[in-house]
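Enquirer: Once you've had a glance at the structure underneath, I'll fire off some questions.
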Amino acid sequence: MQQHQTKDKDLGTEMEQTGLGCQPAAQSPVAQSTERREPEWEADALQVDSIRVGERARKDLGDTDALARSIDKVGLLHPIVVTSDLLLVAGQRRLAAVRQLGWTHVPANIAADLNDALRFELASRDENTQRKDLLPSEMYAQAQRLEPLEQEAAHGRHNEQAKVNLGLTDNANFAPSEKGESRAKIAQAVGTSHGTLRKIETVVKAAEEDPETFDPMVAEMNKTGKVDRVYKRVLRFQSREKALAKVEDGTLLDMVDLREGDFREVLVDLPDESVALIFTDPPYDKASVPLYGDLAELAARVLVPGGSLITYSGRCALEEVMRLLGRHLTYWWLAAAKHNGASTRMPGKSVFAEWKPLLWYVKGSRRDQEFVSDFVTCGPPGEGFKKYHDWQQDIIPAQYYVERLTQEGETVLDPFVGSGTTLLAAVRANRCAVGAEIDPKAAKLARVRLSEALS
Ligand SMILES: C[S@@+](CC[C@H](N)C(=O)[O-])C[C@H]1O[C@@H](n2cnc3c(N)ncnc32)[C@H](O)[C@@H]1O
């Protein structure tokens, strides 16, 4: 660790004159106590104005007033860290706080190399109670700033190794460290693990390439701190794009009739009493609630007498949804699709949701008398989890009711296709499948999924 040699020739004089490294200014907004505690420097001090801040990872400095008050009260516990040419490495908030206090000088350590920088950073991270965590994207930006130091160190190691190889030195203590090790150190220095930093990198790089799609995901990652969740979403999105690029337009079997558009328009020519089962999953947001009324109206027309409509539904507007469905159909039963995996937190309700309601309505009275379960457990969220659609449902519930409530050759309808889960379940069971999807991209992905699964 290099001992700092102050660049400020006048500093010695000023310190001698005042007995201090600096004179806090009287007009400081947070330093209003009449008797100010004098800073005592553990390290040498640099002139505040001589420090170059450069392009920083941290954009949001947060509440520096609190930090300034703390520094004013107990002093600056951790010197800032700069490179030998006075570029700030660590301590942006501390620097802002001492500026706020009107200090002309600030204690600083000079980092000679990556190890020094990391040591300084870790020391201040561990002990600085006023620390404000970096946002994930800031962690990545900060890591990038540390990367050149790592490269310099690696270069040095490389030269040392070359000398050893040529017999120019017998430096037995030289131990080249692995690149992964340095990266892990950098990750630790910015406050995360190597794995998490790589995930953050994937999200940030995706946003650099396609800001329109991925900037909102970076914002979500920064807001919630949930790196893994956003990272997986980015991967899913990228894999869907790849699937779309690979198969321009899947050719579907005769048994699938997937129509692109609003179900209220594209299904008008569906013959009356031609559908044995509607198994579907409309959007859950409030604005979509009226769609349940249109769905029930369609069902009352196209279902065979005694045919069933089974629909997923959110729970928040359940009363209204049931009222709309009940205007055209007979309420039959409430079934449950049990999640297999982590439960979902329902913000605002303080509830862990462990299952989804399946509302079961019938045209007239149910046509068959086979006993079926009202509790179906979904498969574990494995490899293909939500691969084709953010709201993709597990196929098991659709499969269960298609197989029990319809016969081979009959028609199953899904007016809200999404990724085509119901259509796939129907075709696999040798039923004819009809569906509508308003989102062209989702419809295309459903076609890709069906042709992949059925070819
Ligand atoms: C909850 S998702 C269905 C997910 C599906 N169950 C799956 O497993 O992939 C609802 C879908 O309905 C579509 N949608 C919404 N309004 C629609 C409408 N009026 N007509 C047809 N599709 C609609 C949305 O674009 C979305 O893809």
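Residue numbers (my numbering): 1125 to 1579.
Glycine included, every Cβ here is placed at the ideal spot set by N, Cα and C.
Using 10 angstroms around the beta-carbon of residue 1345, count the other beta-carbons present and answer buried if the total reaches 16, otherwise exposed.
Expert: By 1-based counting over the sequence shown, the position of residue 1345 is 221. Answer is buried; the Cβ neighbour count reaches 16.
Enquirer: For residue 1501, which of 1523, 1490, 1266 has the nearest alpha-carbon?
Expert: Against the sequence shown, residue 1501 aligns to sequence position 377. Closest by alpha carbon: 1523.
Enquirer: Does the Cβ of residue 1530 lie closer than 7 angstroms to at least one heavy atom of ligand 1?
Expert: Taking the sequence shown and counting its residues from 1, one reaches residue 1530 at position 406. Incorrect: residue 1530 has no Cβ contact closer than 7 angstroms to ligand 1.
Enquirer: Rounding to the nearest angstrom, what Cα-Cα distance links residue 1355 and residue 1214 in this structure?
Expert: Here residue 1355 is taken as the residue at index 231 of the sequence shown, counted from 1. Here residue 1214 is taken as the residue at index 90 of the sequence shown, counted from 1. Cα to Cα, residue 1355 sits roughly 27 angstroms from residue 1214.
Enquirer: Would you say the region 1509-1518 touches the region 1485-1495, given that touching needs at least three Cβ pairs under 8 angstroms?
Expert: Too few Cβ pairs lie closer than 8 angstroms, so no.
Enquirer: For residue 1454, which residues of its own chain have a beta-carbon under 8 angstroms away from its beta-carbon, when the five flanking residues on both sides are left out?
Expert: Indexing the sequence shown from 1 puts residue 1454 at position 330. Result list for residue 1454: 1485, 1486, 1487, 1488, 1489, in chain order.
Enquirer: According to the Cβ coordinates, are residue 1526 and residue 1555 closer than 8 angstroms?
Expert: Here residue 1526 is taken as the residue at index 402 of the sequence shown, counted from 1. Here residue 1555 is taken as the residue at index 431 of the sequence shown, counted from 1. Yes, these two residues count as a Cβ contact at 8 angstroms.
Enquirer: Skipping 5 residues on each side, what residues in its chain have a beta carbon closer than 6 angstroms to that of residue 1254?
Expert: The residue you call residue 1254 lines up with position 130 of the sequence shown. Because residue 1254 sits at a pLDDT of 44, beneath the cut-off of 50, its placement in the model cannot be relied upon, and the following sentence gives the value as read from the coordinates. Result list for residue 1254: 1191, 1194, in chain order.
Enquirer: Could you say which of 1418, 1387, 1326, 1259 lies nearest to residue 1348 if we only look at CA atoms?
Expert: Position 224 of the sequence shown, counting from 1, holds the residue named residue 1348. Closest option to residue 1348, Cα to Cα, is 1259.
Enquirer: With a threshold of 7 angstroms, establish whether the CB of residue 1261 neighbours any heavy atom of ligand 1.
Expert: Stepping through the sequence shown from its first residue, residue 1261 is reached at position 137. Not so, every heavy atom of ligand 1 lies at least 7 angstroms from the Cβ.
Enquirer: Over what stretch of residues does the beta strand (DSSP E) that includes residue 1432 continue unbroken?
Expert: For the purposes of this step, residue 1432 is taken as the residue at position 308 of the sequence shown. Taken as a continuous stretch (DSSP letters only), the beta strand (DSSP E) holding residue 1432 covers 1427-1436.
Enquirer: In the DSSP assignment, find the alpha helix (DSSP H) that holds residue 1346 and state where it starts and stops.
Expert: Residue mapping note: residue 1346 aligns to position 222 of the sequence shown, counting from 1. Looking at the DSSP string, the run of the alpha helix (DSSP H) that includes residue 1346 is 1335-1348.
Enquirer: Is it right to say residue 1352 is buried, meaning 16 or more other beta carbons lie within 10 angstroms of its own, or is it exposed?
Expert: The residue you call residue 1352 lines up with position 228 of the sequence shown. It is exposed - the Cβ of residue 1352 has fewer than 16 other Cβ atoms within 10 Å.
Enquirer: When the Cα atoms are used, what is the spatial distance from residue 1170 to residue 1231?
Expert: As a first step, residue 1170 is located in the sequence shown; it is residue number 46 there, counting from the start. As a first step, residue 1231 is located in the sequence shown; it is residue number 107 there, counting from the start. Approximately 6 angstroms, taken between the alpha carbons.
Enquirer: Run through the region 1179-1243 for me and flag every whole beta strand (DSSP E) of 3 or more residues, listed as ranges in chain order.
Expert: You should have 1204-1206, 1212-1214, 1229-1234.
Enquirer: Please name the residue in 1535, 1528, 1219, 1509 whose C-alpha comes closest to that of residue 1543.
Expert: To locate residue 1543, count along the sequence shown from 1; it is residue 419. If we check each option's Cα against that of residue 1543, 1509 comes out closest.
Enquirer: Tell me the residue span of the alpha helix (DSSP H) that contains residue 1512.
Expert: For the purposes of this step, residue 1512 is taken as residue 388 along the sequence shown, with counting starting at 1. Segment: none, residue 1512 is in no alpha helix (DSSP H) and carries neither H nor E.
Enquirer: Residues in its own chain within less than 7 angstroms of residue 1494 by CB, not counting five upstream and five downstream?
Expert: Along the sequence shown, read from residue 1 onward, the residue named residue 1494 stands at position 370. Here the set comprises 1528.
Enquirer: Among all the DSSP beta bridges, which residues are the ones paired with residue 1561?
Expert: For the purposes of this step, residue 1561 is identified with residue 437 of the sequence shown, where counting begins at 1. Residue 1561 is bridged to 1384.
Enquirer: Return the bridge partner residues of residue 1469 from the DSSP annotation.
Expert: The residue you call residue 1469 lines up with position 345 of the sequence shown. In DSSP, residue 1469 forms a bridge with 1476.
Enquirer: Do you know how far the Cα of residue 1569 is from the Cα of residue 1363?
Expert: Along the sequence shown, read from residue 1 onward, the residue named residue 1363 stands at position 239. Along the sequence shown, read from residue 1 onward, the residue named residue 1569 stands at position 445. Between residue 1363 and residue 1569, the C-alpha separation is close to 11 angstroms.
Enquirer: In this structure, what does DSSP give as the bridge partners for residue 1402?
Expert: Numbered from 1 along the sequence shown, position 278 holds the residue referred to as residue 1402. In the DSSP output, where bridge partners are listed per residue, residue 1402 has 1433, 1537.
Enquirer: What is the rounded straight-line gap between the Cα of residue 1578 and the Cα of residue 1552?
Expert: The residue given as residue 1578 occupies position 454 in the sequence shown. The residue given as residue 1552 occupies position 428 in the sequence shown. Approximately 8 angstroms, taken between the alpha carbons.
Enquirer: Does the Cβ of residue 1158 have 16 or more other Cβ atoms within 10 Å, making it buried, or fewer, making it exposed?
Expert: Counting from 1 along the sequence shown, the entry for residue 1158 is found at position 34. With a pLDDT of only 40 at residue 1158, under 50, the local geometry of the prediction cannot be trusted, and the value read off the model is given with reservation. Classification of residue 1158: exposed, given that the 10 Å Cβ count is below 16.
Enquirer: Are three or more beta carbon pairs between the region 1394-1404 and the region 1421-1439 nearer than 8 angstroms?
Expert: Yes: the two stretches touch, three or more of their Cβ pairs being nearer than 8 angstroms.
Enquirer: Any heavy atom of ligand 1 closer than 7 angstroms to the Cβ of residue 1387?
Expert: Residue numbering aside, residue 1387 sits at position 263 when the sequence shown is read from its first letter. Because some heavy atom of ligand 1 lies under 7 angstroms away, the Cβ of residue 1387 counts as near it: yes.
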